[in-house]
Amino acid sequence: MTDRKAVIKNADMSEDMQQDAVDCATQAMEKYNIEKDIAAYIKKVTHPQNIYD
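So this is what it looks like as C-alpha coordinates:
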(Lines of atoms letter the chains of each structure in order from A; the text may use other names.)
(Lines give C-alpha, C1' and ligand atoms only; values in the text may rest on other atoms or scores of the structure.)
Protein backbone atom coordinates (compact mmCIF):
# COMPACT_ATOMS: atom_id res chain seq x y z
CA MET A 0 0.00 0.00 0.00
CA THR A 1 1.30 3.45 -0.80
CA ASP A 2 2.00 5.80 2.05
CA ARG A 3 -0.64 8.48 2.31
CA LYS A 4 -0.67 11.56 4.48
CA ALA A 5 -3.82 13.32 5.59
CA VAL A 6 -3.83 17.08 5.12
CA ILE A 7 -6.26 19.08 7.23
CA LYS A 8 -6.82 22.40 5.52
CA ASN A 9 -9.46 23.92 7.76
CA ALA A 10 -11.05 22.57 10.93
CA ASP A 11 -13.09 23.79 13.86
CA MET A 12 -11.82 20.98 16.07
CA SER A 13 -9.09 20.66 18.65
CA GLU A 14 -5.80 19.11 17.57
CA ASP A 15 -6.69 15.93 19.50
CA MET A 16 -10.06 15.62 17.74
CA GLN A 17 -8.40 16.18 14.37
CA GLN A 18 -5.87 13.43 15.07
CA ASP A 19 -8.63 11.08 16.21
CA ALA A 20 -10.51 11.75 12.96
CA VAL A 21 -7.40 11.08 10.88
CA ASP A 22 -6.68 7.88 12.82
CA CYS A 23 -10.26 6.69 12.34
CA ALA A 24 -10.16 7.36 8.60
CA THR A 25 -6.79 5.64 8.29
CA GLN A 26 -8.08 2.54 10.08
CA ALA A 27 -11.15 2.49 7.84
CA MET A 28 -9.08 2.72 4.66
CA GLU A 29 -6.75 -0.04 5.85
CA LYS A 30 -9.69 -2.31 6.65
CA TYR A 31 -11.98 -1.61 3.66
CA ASN A 32 -11.61 -0.83 -0.03
CA ILE A 33 -15.14 0.22 -0.93
CA GLU A 34 -16.03 3.84 -0.14
CA LYS A 35 -19.44 2.85 1.19
CA ASP A 36 -17.82 0.47 3.69
CA ILE A 37 -15.24 3.08 4.70
CA ALA A 38 -17.99 5.63 5.33
CA ALA A 39 -20.07 3.14 7.32
CA TYR A 40 -17.07 2.28 9.49
CA ILE A 41 -16.30 5.94 10.20
CA LYS A 42 -19.95 6.65 10.97
CA LYS A 43 -20.12 3.69 13.35
CA VAL A 44 -16.90 4.57 15.17
CA THR A 45 -17.63 8.29 15.47
CA HIS A 46 -21.30 8.02 16.42
CA PRO A 47 -21.73 9.85 19.77
CA GLN A 48 -23.21 6.74 21.36
CA ASN A 49 -20.00 4.81 20.62
CA ILE A 50 -17.57 7.55 21.62
CA TYR A 51 -18.58 7.51 25.27
CA ASP A 52 -18.80 3.72 25.70
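Residues in the sequence shown are numbered consecutively from 0, following numbering that gives the first Met the number 0.
Note that the Cβ used here is the ideal one computed from N, Cα and C, for glycine as well.
{"query": "Rounded to a whole number of angstroms, what is the C-alpha to C-alpha distance between THR45 and GLU29?", "result": "17 angstroms"}
{"query": "Tell me the DSSP secondary structure of TYR31 in three-state form.", "result": "coil"}
{"query": "Determine, using beta carbons only, whether ILE7 and GLN18 come nearer to each other than 7 angstroms.", "result": "no"}
{"query": "Ignore the nearest five residues each way along the sequence and tell me which others in CYS23's own chain have a CB closer than 7 angstroms to its CB.", "result": "ILE41, VAL44 and THR45"}
{"query": "On a CA-only basis, which of ALA38, ALA20, ALA39 and PRO47 is nearest LYS4? Give me that one, please.", "result": "ALA20"}
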